[in-house]
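Taken in sequence, the protein lines are chains R and D.
First residue of the first sequence? That's 30 in the working numbering, and the numbers climb one at a time after it.
First residue of the second sequence? That's 214 in the working numbering, and the numbers climb one at a time after it.
Ideal placement from N, C-alpha and C gives every residue a C-beta, glycine not left out.
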Amino acid sequence: GAVVSQHPSRVICKSGTSVKIECRSLDFQATTMFWYRQFPKKSLMLMATSNEGSKATYEQGVEKDKFLINHASLTLSTLTVTSAHPEDSSFYICSARASGGGTGELFFGEGSRLTVL
Amino acid sequence: DAKTTQPPSMDCAEGRAANLPCNHSTISGNEYVYWYRQIHSQGPQYIIHGLKNNETNEMASLIITEDRKSSTLILPHATLRDTAVYYCIVRVALSDYGQNFVFGPGTRLSVLP
């Protein structure tokens, strides 16, 4: 199947700093990518939909100024957690589906575990 | 909210078939049933999907009832590596925008030696 890669897989940062997570579709182009967050023993919760060349669409309750999303190309979306705090510690997962066809399945990255001290 | 309901957990003996049920009684005519699984601390992995016909691939089989209100994912010979949380999701297949994949709590499958 198609490959979606995230980087970094793990990051530890100090409170107040910003962290950028990259999501790349390695062998296909993705008009749309999705960013999810997952807390321990919980299911994935959609944070935002990232659209290439336009602004991201955020889910209710997700602060767009805190979670900056940039989808500058058909193979790369980035999520920047600004001024991170301990409560932002979570497992962040991106996903993408191929543009212009396919049968609709989403392919997920390996996830990025953020720990804010 | 997720449009599916699944049992929270199941056990299966290694080497036996694992049958994971999913109820989706409000499924629309143009919505597919997708199955994903998530092994601990990894991103979800696509398994299989279908509309109304039964489907089979190298990983699993998907049996969808005639009224499409429920389905069963079958892992024919479960191994210890199949221990994971399994998610059943219904979604329109070919929409680029709008309806996304909504994850419910899933079924935690434990394959026992």
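Query raised in the report: Hey, does Tyr247 (chain D) have any beta-carbon neighbour from chain R nearer than 8 Å?
Result: So yes, Tyr247 (chain D) belongs to the interface.
Query raised in the report: Using a beta-carbon distance below 8 Å, is Pro221 (chain D) in contact with chain R?
Result: No, Pro221 (chain D) lies away from the interface with chain R (no Cβ there is under 8 Å from its Cβ).
Query - Complete runs of the beta strand (DSSP E) confined to the region 41-114 of chain R [at least 3 residues] - result: Runs of the beta strand (DSSP E) inside the region 41-114 of chain R: 48-54, 61-67, 74-80, 96-102 and 105-110.
**Report entry** Paired residues, beta bridge with Leu275 (chain D) - DSSP
**Finding:** D:Glu268 and D:Leu286.
Query raised in the report: CB Ile276 (chain D) to CB Asn270 (chain D), shorter than 8 Å?
Result: For Ile276 (chain D) and Asn270 (chain D), no; Cβs fall outside 8 Å.
Query raised in the report: Between which two residues does the beta strand (DSSP E) carrying Thr144 (chain R) extend?
Result: From DSSP, the beta strand (DSSP E) with Thr144 (chain R) extends over Ser141 to Val145.
Query - Distance CB(Val298 (chain D))-CB(Thr278 (chain D)) smaller than 8 Å - result: No; because the gap between Cβ atoms is not below 8 Å, this pair is not in contact.
Query raised in the report: Taking the Cβ atom as the reference point for each residue, do Phe63 (chain R) and Ser124 (chain R) lie within a distance shorter than 8 Å?
Result: It is a contact, given that the beta carbons lie within the stated cut-off.
Query raised in the report: Quick one, which of R:Lys71, R:Thr61, R:Val48 and R:Leu75 has its alpha-carbon nearest Thr104 (chain R)'s?
Result: That would be R:Thr61, whose Cα lies nearest to the Cα of Thr104 (chain R).
Query - Partners in chain R for Gly256 (chain D), counting only beta-carbon separations shorter than 7 Å - result: Ordered by position in chain R, the residues that pass the 7 Å Cβ test against Gly256 (chain D) are Ile122, Phe137, Gly138, Glu139 and Gly140.
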